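The next block holds one structure in the form of structure tokens; read it before the comments.
Residue numbers (the working numbering): 1 to 94.
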């Protein structure tokens, strides 16, 4: 299973681009801050995730500072890269 659900603030957004097949694509960075329990200890989480939205969801207006809830999966940035990126397939404004 490969699924991720995370909330955060958009800290960077590229302009919408289109793949050679004409599919809209949007790259963004999501900043996440929370407290989690690990090994019965409270841990503060501050991280940034590089993310990608494909298809019609890429046309939803997203701007820096937006707080969003997202769902998706972790995958390769591209077919030629082993770098991981969060592929968002659900977005909800908070």
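All C-beta atoms, glycine included, are put in the ideal place defined by N, C-alpha and C.
Remember, predicted model here, so these are calculated numbers, not experimental data.
Residue i and residue j closer than 8 Å at C-beta
{"i": "residue 82", "j": "residue 89", "result": "no"}
{"i": "residue 26", "j": "residue 53", "result": "yes"}
{"i": "residue 42", "j": "residue 48", "result": "no"}
{"i": "residue 86", "j": "residue 40", "result": "no"}
Member of the options whose CA lies at the smallest distance from the CA of residue i
{"i": "residue 68", "options": "19, 6 and 13", "result": "6"}
{"i": "residue 9", "options": "22, 33 and 20", "result": "33"}
Own chain, CB closer than 6 Å to residue i, minus 5 neighbours either side, in chain order
{"i": "residue 92", "result": "69"}
{"i": "residue 61", "result": "none"}
Distance, residue j Cα to residue i Cα
{"i": "residue 38", "j": "residue 46", "result": "15 Å"}
{"i": "residue 103", "j": "residue 31", "result": "Residue 103 lies beyond the residue range present for the chain, which begins at 1 and ends at 94; the question has no answer from this structure."}
{"i": "residue 56", "j": "residue 44", "result": "34 Å"}
Chain-order list of residues whose beta-carbon lies under 8 Å from that of residue i (same chain, five-residue window excluded)
{"i": "residue 12", "result": "28, 29 and 64"}
{"i": "residue 3", "result": "71, 72 and 73"}
{"i": "residue 66", "result": "9, 10 and 93"}
Neighbourhood of residue i by C-beta distance below 7 Å, restricted to the same chain and skipping five residues each side
{"i": "residue 59", "result": "16 and 24"}
Beta strand (DSSP E) segment containing residue i, residue limits
{"i": "residue 81", "result": "It is not in any beta strand (DSSP E) - residue 81 carries neither H nor E in the DSSP assignment."}
{"i": "residue 42", "result": "41-54"}
{"i": "residue 28", "result": "24-38"}
{"i": "residue 6", "result": "4-13"}
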